[in-house]
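> Here the sequence shown stands for residues 1 to 294, where the numbers follow full-length UniProt numbering.
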Amino acid sequence: MKFNAKKLVVLLLLISITSILLIGCSSSSSDEIVAEVNDVKITKEEFYDYLVSQNGDEALNALILDKIIELELEENNIEITQDQIDAEYQKAVESYGDEATMEQALAYYGYTKDEFLKNIKMNLSIEALIEPSITITDEEIEAYFEENKDDFNEAEQVKASHILLDTEEEAKDVLAKIQSGDSFEDLAKEYSTDTATATNGGDLGYFTKDEMVEEFSNAAFSLNKDEISEPIKTTYGYHIIKVTDKKEAKVATLEDSKEEIREILKDQKIQEQYPTWYQNVQTKYTIKNNLKTN
1 MKFNAKKLVV LLLLISITSI LLIGCSSSSS DEIVAEVNDV KITKEEFYDY LVSQNGDEAL
61 NALILDKIIE LELEENNIEI TQDQIDAEYQ KAVESYGDEA TMEQALAYYG YTKDEFLKNI
121 KMNLSIEALI EPSITITDEE IEAYFEENKD DFNEAEQVKA SHILLDTEEE AKDVLAKIQS
181 GDSFEDLAKE YSTDTATATN GGDLGYFTKD EMVEEFSNAA FSLNKDEISE PIKTTYGYHI
241 IKVTDKKEAK VATLEDSKEE IREILKDQKI QEQYPTWYQN VQTKYTIKNN LKTN
């Protein structure tokens, strides 16, 4: 099952950096200098006041939610294990192709891996607390399948590795080494300029025809399993492609799609029920927001 990057209460991703800064500001000397512009100093107190004025309510509400969830998990004897967190993270990695690409995406959105793992734990916690109140019927699953049947069809896929070179001459030299019996994977590690896949022996995993540039896809999908291409020119350079597996196109059936649809419907219902759940659960606790009184 693919990881859905928007899965489960996206609006509740913790404002991690802001929260940490708020906590850090309040735990040390208020006149500590955090920055200077020429001789003009910015104190930690000024920094704290600015953060509170700009993001204080959102950051504090995120921390309050975090504490409420901790208490709810304890009351309901629910434990979110590291194995569960790691499994969700691995789904995300697979959806991006590899961990390096995943980490680049996190960096683009301003997240570290640790912050992302914390958000995964938050989402798993909310799911565990709300899921017992959710019912998904066979009729709902069937209706969803009929409305979205085409989305569950599987296109033809190829699993391939490649070695990317800058020039045709380099590509021909490497191809000659392969034809002489050298390991494709070892040569990819040594020569490929695609640093994201070189360390994995050039492995690109499975892909559909429209996921790669036209010249690459045409070549890859014309090869048989274990066959190696001549150098293929694209805008990225010259590729030597090795097909390692192929999957035929497959028309979806309700039986094969049931569990995936059940997960989709569960996520939808959790997102729908979250606002009511959070409103109700807050009434169980005495919450004092001192920011609003300052």
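Even for Gly, the Cβ is constructed at its ideal location relative to N, Cα and C.
Measuring only the C-alpha atoms, how far is L60 from S161?
Locating residue 60 in the sequence shown gives position 60, where the first residue counts as 1. Locating residue 161 in the sequence shown gives position 161, where the first residue counts as 1. Rounded to the nearest angstrom, the two C-alpha atoms are 48 Å apart.
> Within 10 angstroms of the Cβ of P132, are there 16 or more other Cβ atoms? Answer buried if so, exposed if not.
Looking up residue 132 in the sequence shown gives position 132. Exposed, because fewer than 16 other Cβ atoms sit within 10 Å of the Cβ of P132.
> What residue from L124, T286, L106, F152 has the CA that sits closest to I261's CA?
On the sequence shown, residue 261 is found 261 positions in, with the first residue counted as 1. Here the closest residue by C-alpha is F152.
> When you compare only the Cα positions, how much space is there between N77 and A128?
Taking the first residue of the sequence shown as position 1, residue 77 is located at position 77. Taking the first residue of the sequence shown as position 1, residue 128 is located at position 128. Each residue's Cα considered, the two are about 11 Å apart.
> For chain D, is any of its Cβ atoms less than 7 Å away from the one on A220?
The displayed structure is made up of one protein chain only, and chain D is not part of it.
> Compare the beta carbon distance of G202 and S192 with 7 Å and say whether it is the shorter of the two.
Here residue 202 corresponds to residue number 202 of the sequence shown, with the count starting at 1. Here residue 192 corresponds to residue number 192 of the sequence shown, with the count starting at 1. Yes, the Cβ-Cβ distance between G202 and S192 is below 7 Å.
> Can you check whether the CB of Y206 is closer than 7 Å to the CB of Q157?
Translated into positions along the sequence shown, residue 157 becomes position 157. Translated into positions along the sequence shown, residue 206 becomes position 206. Yes, Cβ-Cβ distance for Q157 and Y206 is below 7 Å.
> Going by other Cβ atoms of all chains shown within 10 Å of its Cβ, with 16 needed for buried, is E88 buried or exposed?
Reading the sequence shown from its first residue, position 88 is the one you call residue 88. The residue in question, E88, is buried, as its Cβ has 16 or more Cβ neighbours within 10 Å.
> So, with DSSP's three-state summary, where would you put L223?
Working through the sequence shown from its first residue, we reach residue 223 at position 223. Coil at L223, not helix or strand.
> Classify T231 as buried or exposed, calling it buried when 16 or more other Cβ atoms lie within 10 Å of its own Cβ.
The sequence position of residue 231 within the sequence shown is 231, counting from 1. Here residue 231 is Pro; the residue named in the question, Thr, does not match the sequence. It counts as buried.
> Looking at the strands, I want to know which residues DSSP matches up with S161.
Position 161 of the sequence shown holds residue 161. Paired residues: D203, K242.
> Following a CB-centred definition, is I287 positioned closer than 6 Å to any heavy atom of the ligand HEM?
This structure lacks the ligand HEM, and indeed carries no ligand of any kind.
> Considering Cα atoms alone, identify which of G110, V281, E255, G237 is closest to D166.
As a working note, residue 166 is residue 166 in the sequence shown. D166 has its Cα closest to that of G237, out of G110, V281, E255, G237.
> With a CB to CB cut of under 6 Å and the five nearest residues on each side skipped, what residues in its chain are close to V213?
Indexing the sequence shown from 1 puts residue 213 at position 213. Around V213: T234.
> On a CA-only basis, which of Q179, I126, V251 is nearest E79? Give me that one, please.
Numbered from 1 along the sequence shown, position 79 holds the residue referred to as residue 79. Of Q179, I126, V251, the residue nearest in Cα terms is I126.
> The alpha helix (DSSP H) that contains V52, what's its start and end?
Start at 1 with the first residue of the sequence shown, and residue 52 comes out as number 52. Element bounds for V52: 44 to 75.
> Give me the Cα-Cα distance between D226 and K159, rounded to the nearest whole angstrom.
For the purposes of this step, residue 226 is taken as residue 226 along the sequence shown, with counting starting at 1. For the purposes of this step, residue 159 is taken as residue 159 along the sequence shown, with counting starting at 1. Rounded to whole angstroms, D226 to K159 spans 10 Å at the Cα level.
> Taking 7 Å as the limit between beta carbons, can you name the residues of its chain near K269, skipping five residues before and five after?
Reading the sequence shown from its first residue, position 269 is the one you call residue 269. Closer than 7 Å at the Cβ level, and outside the excluded window around K269, lie I134.
> Opposite K233 in the DSSP bridges: which residues?
For the purposes of this step, residue 233 is identified with residue 233 of the sequence shown, where counting begins at 1. According to DSSP, K233 bridges with Y238.
> Can you check DSSP and say which residues form a bridge with T276?
Numbered from 1 along the sequence shown, position 276 holds the residue referred to as residue 276. Note: T276 sits in no beta bridge, so no partner.
> Where does K247 fall in DSSP's three states?
Within the sequence shown, the letter at position 247 stands for residue 247. Looking at K247 - three-state DSSP - the assignment turns out to be strand.
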